[in-house]
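Last residue of the sequence shown: number 172 in numbering that gives the first Met the number 0, and the count goes up by one each step with no gaps.
Glycine included, C-beta positions come from ideal geometry on N, C-alpha and C.
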Amino acid sequence: MLEPIYAVLDKIFGPLLVSTHPLWVVTISGIILGSFFTLVNYFLVDQEKMKRLQKLSKEFQKEWKEAQKAGDEKKLRKLQQKQMELLRLQNEVMKDTFFKPMLVTMPVFIIFFNWMRRWYLEVVVVKLPFNFFLADFFHKASSLHANELGYIGWYILTSMVVGQVLRKVLDMA
0 MLEPIYAVLD KIFGPLLVST HPLWVVTISG IILGSFFTLV NYFLVDQEKM KRLQKLSKEF
60 QKEWKEAQKA GDEKKLRKLQ QKQMELLRLQ NEVMKDTFFK PMLVTMPVFI IFFNWMRRWY
120 LEVVVVKLPF NFFLADFFHK ASSLHANELG YIGWYILTSM VVGQVLRKVL DMA
């Protein structure tokens, strides 16, 4: 079903994938997709609502700790009611945060990773100077060693860094 899409991607990017080191291809892909996913979240999620929720959560935590420290049962019961309202608001925001952006990003993510897998399935993209602590878990069915990252590992690291920097620059919640 996705073969026509992969054929187009191979035609456009195939020569680049063959002539360029996998480190650069995956790094650039991580930068582009990490930026894309962050920007989708920025435009589809109500950032003011998210910031308000974070502020309310911090205030609630502070009040809760103070009431517990003081042993004020009446205030704790009152805060439990406030907690229910806060949970309702969190659920509402969570639906908005995950559903809308996921409709846009999930198809791109699935197409990209399945296409990259065709090129870089067992290719070492980065050799680390240490053994990665989760590598044994992820590399059980792989020829990669504990000090090697494939395209998925390097993509995740690259896109996470880019996403965090972009979130800070855009002042996202």
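query                                                                                                                                      : result
With three or more beta-carbon pairs closer than 8 angstroms as the criterion, would you say the stretch 84-104 touches the stretch 32-40? : yes
Whole angstroms is fine: what's the gap from Leu-55's alpha carbon to Tyr-5's?                                                             : 46 angstroms
Give me the residue from Gly-152, Phe-108, Val-44 and Val-125 with the minimum Cα distance to Ile-31.                                      : Phe-108
Could you tell me the alpha carbon to alpha carbon distance between Met-171 and Ser-34, rounded to whole angstroms?                        : 13 angstroms
Where does Leu-148 land, buried or exposed, given buried means 16+ other C-beta within 10 angstroms?                                       : buried
Indicate whether Asn-113 and Leu-1 have their beta-carbon atoms separated by less than 8 angstroms.                                        : yes
Could you work out which residue in Val-164, Ser-18 and Leu-52 is closest to Met-87 when comparing CA atoms only?                          : The sequence shown places Arg at residue 87, rather than the Met named in the question. Nearest option by C-alpha distance: Leu-52.
Taking the alpha carbon of Ile-151 as the reference point, which residue from Phe-98, Val-123 and Glu-91 has its own alpha carbon closest? : Val-123
Threshold first: 4 residues or longer. Then list the alpha helix (DSSP H) segments lying entirely within the stretch 27-105, N to C.       : 46-69
Answer with buried or exposed for Ser-158, where buried requires no fewer than 16 other C-beta atoms within 10 angstroms of its C-beta.    : buried
Name, in chain order, the residues that DSSP records as bridge partners for Glu-147.                                                       : Lys-126
I'd like to know whether the C-beta of Leu-38 is nearer than 8 angstroms to at least one C-beta of chain D.                                : No chain D is present in this structure, which holds just one protein chain.
Alpha carbons only, please: which of Gly-29, Phe-111, Lys-57 and Leu-127 is nearest the one belonging to Gly-162?                          : Gly-29
Use the C-beta contact count for Tyr-93: other C-beta atoms within 10 angstroms, 16 or more gives buried, fewer gives exposed.             : According to the sequence shown, residue 93 is Met rather than Tyr. Exposed.
Is it right to say Val-25 is buried, meaning 16 or more other beta carbons lie within 10 angstroms of its own, or is it exposed?           : buried
Where Leu-8 and Ile-110 are concerned, what is the direct C-alpha to C-alpha distance, given to the nearest angstrom?                      : 10 angstroms
To the nearest angstrom, report how far apart Lys-73 and Pro-100 are at their CA atoms.                                                    : 41 angstroms
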